[in-house]
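For the record, in the sequence shown the residue sitting at position 381 is 381 according to the UniProt record's numbering, with numbers rising by one throughout.
For each residue, glycine too, the CB sits at the ideal point set by N, CA and C.
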Amino acid sequence: MSSVPLDTANRPSTDEIATAVAAGNIPTLLAVLVEMTGDRRWLIDRYRPTRSRGMDDNATGGLPADVQDEIRRAVVDALEDWYDRGAPPRRPVDDELVATLMNFTAGEDVPAEFGPMMAEIVRGDLREKHLQRVPDELSTAITALVIGAGVAGMLISTQLAEAGIEHTVLEKNDEVGGSWYENHYPGAGVDTPSYLYSISSFDHDWSTHFGKRDEVQGYLQAFADHHRVRDRIRFGTEVVSAAYDPATQHWNVHVRDRDGREHTLTSRILISAVGILNRPKLPDLPGMDTFTGPLFHSAAWPEHLDEPGALTGKRVAIVGSGASAMQIGPAIADEVGSLTVFQRSPQWIAPNDDYFAPVGDRVHWLMNNVPGYREWYRARLSWIFNDKVHPTLQIDPDWPEPTASINAVNHGHREFYLRYMRSELGDREDLIELSTPDYPPFGKRMLLDNGWFRMLRRPNVSLVPRGVREVTPTGLIDSDGTAHELDIIVFATGFHSDRYLYPMDIVGRSGKTTVEAWGDHDAYAYLGITAPDFPNLFILTGPNTALGHGGSFISILEYQVRYVCDAIRQMIDHRLGALEVRRDVTDAYNEAVDAQHARMVWTHPAMTNWYRNDDGRVVAVLPWRIVDYWSRTRRLDLSDFHTEPLTTVKA
Numbered sequence: 001m002s003s004v005p006l007d008t009a010n011r012p013s014t015d016e017i018a019t020a021v022a023a024g025n026i027p028t029l030l031a032v033l034v035e036m037t038g039d040r041r042w043l044i045d046r047y048r049p050t051r052s053r054g055m056d057d058n059a060t061g062g063l064p065a066d067v068q069d070e071i072r073r074a075v076v077d078a079l080e081d082w083y084d085r086g087a088p089p090r091r092p093v094d095d096e097l098v099a100t101l102m103n104f105t106a107g108e109d110v111p112a113e114f115g116p117m118m119a120e121i122v123r124g125d126l127r128e129k130h131l132q133r134v135p136d137e138l139s140t141a142i143t144a145l146v147i148g149a150g151v152a153g154m155l156i157s158t159q160l161a162e163a164g165i166e167h168t169v170l171e172k173n174d175e176v177g178g179s180w181y182e183n184h185y186p187g188a189g190v191d192t193p194s195y196l197y198s199i200s201s202f203d204h205d206w207s208t209h210f211g212k213r214d215e216v217q218g219y220l221q222a223f224a225d226h227h228r229v230r231d232r233i234r235f236g237t238e239v240v241s242a243a244y245d246p247a248t249q250h251w252n253v254h255v256r257d258r259d260g261r262e263h264t265l266t267s268r269i270l271i272s273a274v275g276i277l278n279r280p281k282l283p284d285l286p287g288m289d290t291f292t293g294p295l296f297h298s299a300a301w302p303e304h305l306d307e308p309g310a311l312t313g314k315r316v317a318i319v320g321s322g323a324s325a326m327q328i329g330p331a332i333a334d335e336v337g338s339l340t341v342f343q344r345s346p347q348w349i350a351p352n353d354d355y356f357a358p359v360g361d362r363v364h365w366l367m368n369n370v371p372g373y374r375e376w377y378r379a380r381l382s383w384i385f386n387d388k389v390h391p392t393l394q395i396d397p398d399w400p401e402p403t404a405s406i407n408a409v410n411h412g413h414r415e416f417y418l419r420y421m422r423s424e425l426g427d428r429e430d431l432i433e434l435s436t437p438d439y440p441p442f443g444k445r446m447l448l449d450n451g452w453f454r455m456l457r458r459p460n461v462s463l464v465p466r467g468v469r470e471v472t473p474t475g476l477i478d479s480d481g482t483a484h485e486l487d488i489i490v491f492a493t494g495f496h497s498d499r500y501l502y503p504m505d506i507v508g509r510s511g512k513t514t515v516e517a518w519g520d521h522d523a524y525a526y527l528g529i530t531a532p533d534f535p536n537l538f539i540l541t542g543p544n545t546a547l548g549h550g551g552s553f554i555s556i557l558e559y560q561v562r563y564v565c566d567a568i569r570q571m572i573d574h575r576l577g578a579l580e581v582r583r584d585v586t587d588a589y590n591e592a593v594d595a596q597h598a599r600m601v602w603t604h605p606a607m608t609n610w611y612r613n614d615d616g617r618v619v620a621v622l623p624w625r626i627v628d629y630w631s632r633t634r635r636l637d638l639s640d641f642h643t644e645p646l647t648t649v650k651a
């Protein structure tokens, strides 16, 4: 159980406490109140919040003003009493209480099976170390190389360092952050709430409910500073290939530094933390090298275009209408001379009143000074943005309107999003027609409105409902043959999300590469983490572990890091030199993955998405609820693996 460090000598006044509590989220305050007092009389219908609508945190709980005030006064009294008692550490919170309070404060049924996972969030269990100190006699035998210094690489490096495991992080860039370092286009930011898109062990006072790129990157840099991660990183070093040597039970990793020099490094354990949204995907169009102005992928936004006036009056095109385009467009529309968006397929867009909203000092005070407030708030967000929607994304085979939606609730989602779109676009029937998807909601990645619809109404913005056929020296030719004269072309065309470990050449025990073992676009792994024929290789954000139904990418990473740490712990405890998942275990798991995906919305035939490969198999996203994946990754079952005793001390 984490505790809240307080300067109790400078106790706030009652008015100061009340002022902060007045800004609090009512359902969260209710959970804190019951935890602090142990008084369950608050768990009656009078105080029961309504169900959260859409994707917001239900700040008022949908309760009458007088009931909200009653709850706030009780919280102030509880905090006063807590200070009177010397601000003791939080009481232990058991799974049953968490399940009860989650169910009550959500205003809807939260299955009891979620209790243990939510309790882990509420207690702050993921703040703890996953590995004990490695024994001195194994300090040279258990070594690791980590590829990538984004969120995943820094998380695993921190755990390895605290256990005294010798390791190096190999990073192709000159700074930490991964995709957040690389993607600095206008408007870049998270589409997951900031307090959910956070590392459990590293708190931050977010300035907005949905953090923008510079704040997220600064947060990751601060994490690196706090844990001295840079001391363990070789920057400007790209992994070219890696080959497993069965004789030594080690990986030989071929790297190239920024000067073109090549080296071979060796370690027993190899951990890929490169992610899947890190290799930009540009279309193969005629004339790409003929355009006379700036032409680039959104992930490679030129720094000179960030200078004041760089876009003023320019004729800009954005090719694509997905997540990056939706952030770039509204951010530059009022500066450019004209903006032309090329859209092959419209997206489902959800409203969120908090998208641009500041958090404020009073909420920061609650997060930092009220026992459990941060944890309960995060737990509630994890329900609203994670598994709550999962059952509604499963196909009802008897649903009478299978083209537009997949079940009754999904149809309700469709009507809700259409009403919102119409309210934003008003009398622009032309834009309403062009912006209405012909596939079910959630079939592609759901997007939060970043001012997109209002941008489309601007007189200097044009929406072209077609793709691009050709690049010319002066612009683009669309698929209908219409020429568009342009000054700047931005390709917001996604990433090689179906090519795992690309472009590295990873060679396993048998001498086969991952491409030879999987196929170029058909990666698979057990739990998305480990694969047969590749001993001691662990993949963070591997196949079928991205999130299609919402939720926090960081949470998934934390579960994967714990699993990898448990693998290393068992290698240490059992003096194992090699750990390789069984093929039958992997095959059974991936058969279950495919079977579950066949029931999910993202296999719907009415659209394509980056979740699927060219053959239609879903390779990117998780088919399960997050609670299911959490349960599967809590502990490594050694019986799922072939093992070899430690035969070498150092290669």
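Distance from the Cα of E307 is smallest, within the candidate group G62, Y185, A323, for Y185. About 6 Å separates the CB atoms of Y563 and I529; that is less than 8 Å, so the two are in contact. Residue environment: G372 is assigned as buried (16 or more neighbouring CB atoms within 10 Å of its CB, all protein chains considered). Distance from V151 to L537 at the Cβ level is roughly 20 Å; contact not present, criterion being Cβ atoms closer than 8 Å. By the Cβ-count criterion, V389 is buried, with 16 or more other Cβ atoms from all chains shown falling within 10 Å of its own Cβ. The beta-carbon distance between V255 and T237, rounded to whole angstroms, is 5 Å. This is short enough to meet the 8 Å contact definition. In chain order, V146, I147, G148, G150, A152, G153, I156, L540 place their CB closer than 7 Å to the CB of A273, counting only its own chain and leaving out the 5 sequence neighbours on each side. The Cβ atoms of G189 and R213 lie closer than 7 Å to each other. When R380, T513, D396, F534 are compared, the shortest CA-CA separation from F104 is found for R380.
In terms of Cα proximity to T647, the closest of I44, W42, I142, D45 is I142. D95 and R40 have their C-alpha atoms some 16 Å from each other. Of the candidates L447, G426, T514, G178, the residue whose Cα lies closest to the Cα of L277 is G178. By the neighbour-count criterion, in which 16 or more other beta carbons inside 10 Å mark a residue as buried, A112 falls on the exposed side. Assignment of S272 by DSSP, reduced to helix, strand and coil, places it in the strand class. Less than 7 Å separates the beta-carbon of E485 from that of T474. A straight line joining the alpha-carbon of R46 with that of V67 spans about 8 Å. Taken through DSSP and simplified to helix, strand or coil, M600 comes out as strand. The beta-carbon distance between P27 and G61, rounded to whole angstroms, is 5 Å. This is short enough to meet the 8 Å contact definition. For M571, the closest alpha carbon among the candidates A99, S139, T37 is that of S139. Restricting attention to R85, V75, D125, V490, the CA atom closest to the CA of D15 is found in V75.
When the alpha-carbon of G218 is set against those of H204, D231, H209, the nearest one is in H204. With fewer than 16 other CB atoms across the displayed protein chains lying within 10 angstroms of its CB, H304 is exposed. With a cut-off of 8 Å on Cβ pairs, the region 577 to 585 is in contact with the region 514 to 531, counting three or more such pairs. Here the C-alpha atom of F641 lies approximately 48 Å from the C-alpha atom of I318. For the options A119, R11, H411, A323, the alpha carbon positioned closest to that of R85 is the one of R11.
Sixteen is the threshold: when 16 or more other Cβ atoms of the shown chains lie within 10 Å of the Cβ of T545, as they do, the residue is buried. According to DSSP, residue pairing for P358 in a beta bridge involves T208.
A Cβ-Cβ separation of about 5 Å places P437 in contact with P346 under the 8 Å criterion.
Between the alpha carbons of M102 and R632 lies a gap of roughly 22 Å.
In the DSSP assignment, E644 forms a beta bridge with A578.
C-alpha of S200 to C-alpha of R458: approximately 41 Å in a straight line.
Taking a contact as a CB-CB distance under 8 Å, the pair F210 and D354 counts as one, their CB atoms being some 7 Å apart. Going by C-alpha positions, Y417 is about 14 Å away from R445. Going by DSSP, E401 is part of no beta strand (DSSP E) at all; its letter is neither H nor E.
Here the alpha carbon of A18 sits roughly 40 Å from the alpha carbon of V409. Pairing G443 with M326 gives a Cβ-Cβ distance that is not under 7 Å.
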